[in-house]
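**Student:** Numbering (the numbering used here), first residue to last: 52 to 181.
Beta carbons: idealized from backbone N, C-alpha and C, even for Gly.
Bear in mind the structure is a predicted one, so any value in this text is a computation, not a measurement.
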Amino acid sequence: MPRSLHPLPKCYLVIAYAPAGVTAARGNRAFNAYIADPARGLVLTHDHFVGTVGGYAVFACTTPGEVERLQAAPELPGWNLHVHPLTFAATAVEWLYQADFTLAAYRGRRLAELYQEYLQSEQHARLGQR
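1. With a threshold of 6 Å on Cβ separation, who are the neighbours of residue 66 within its own chain once the five nearest residues in sequence on each side are excluded?
2. What are the residues that DSSP puts in a beta bridge with residue 108?
3. Tell me the DSSP secondary structure of residue 137 in three-state form.
4. Taking only the alpha-carbon atoms, compute the straight-line gap between residue 55 and residue 114 and give it to the nearest angstrom.
5. Compare the C-alpha of residue 166 against each of 159, 95, 175 and name the closest.
6. Using a threshold of 7 Å, state whether the C-beta atoms of residue 136 and residue 63 are closer than that.
7. Give the range of the alpha helix (DSSP H) segment to which residue 146 is assigned.
8. Go ahead and pull the three-state DSSP assignment for residue 174.
9. What are the residues that DSSP puts in a beta bridge with residue 131?
10. Under three-state DSSP, which class holds residue 125?
11. Residues in its own chain within less than 6 Å of residue 96 by CB, not counting five upstream and five downstream?
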């Protein structure tokens, strides 16, 4: 992906599939190590797949080095890695806007509503205990 085609800042979706034979536990640890590297920019979200070993993450990148590091994945040897620049989300705030826009336009909900639900949730309490 030539950097010149995607001016920075820019958010990127990374989708990664483990090679055959990698267990879910081992794959989750490897993918977590990949997203933990701050040289890849600000990781905004991630999750792991059910039934297929792998995961996705969204990164907000502000330097060419961060973008290059997305492609360089020594933590994921043999993995099938896909890195996609996003159209509308150039920054973390624009990524949040895109989530809010999608909720409003396609479901009549707002991100602020979900955030209020989250503040009352077990998940929020559990994260506060970490």
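**Tutor:** Checking against the coordinates, here is how it stands:
1. Walking along the sequence shown from the start, residue 66 turns up at place 15. These residues qualify, in order along the chain: 107, 133.
2. Within the sequence shown, numbered from 1, the residue matching residue 108 stands at position 57. DSSP, once it has assigned bridges, lists 65, 97 as partnering residue 108.
3. As a working mapping, residue 137 is identified with position 86 in the sequence shown. Coil, per DSSP.
4. As a working mapping, residue 55 is identified with position 4 in the sequence shown. As a working mapping, residue 114 is identified with position 63 in the sequence shown. Residue placement at residue 55 is flagged as unreliable, the pLDDT there being 40, under the threshold of 50; the coordinate-derived value follows with that caveat. Going by C-alpha positions, residue 55 is about 12 Å away from residue 114.
5. Taking the sequence shown and counting its residues from 1, one reaches residue 166 at position 115. Looking at the Cα atoms, 175 is the closest of the given residues.
6. Translated into the one-based positions of the sequence shown, residue 136 becomes position 85. Translated into the one-based positions of the sequence shown, residue 63 becomes position 12. Yes, Cβ-Cβ distance for residue 136 and residue 63 is below 7 Å.
7. For the purposes of this step, residue 146 is taken as the residue at position 95 of the sequence shown. Residue 146 -> alpha helix (DSSP H) spans 143 to 158.
8. For the purposes of this step, residue 174 is taken as residue 123 along the sequence shown, with counting starting at 1. Looking at residue 174 - three-state DSSP - the assignment turns out to be helix.
9. In the sequence shown, the residue the question calls residue 131 occupies position 80. According to DSSP, which records beta bridges pairwise, residue 131 is partnered with 68.
10. Here residue 125 refers to the residue found at position 74 of the sequence shown. If DSSP states are grouped into helix, strand and coil, residue 125 belongs with coil.
11. Within the sequence shown, numbered from 1, the residue matching residue 96 stands at position 45. Here the set comprises 109.
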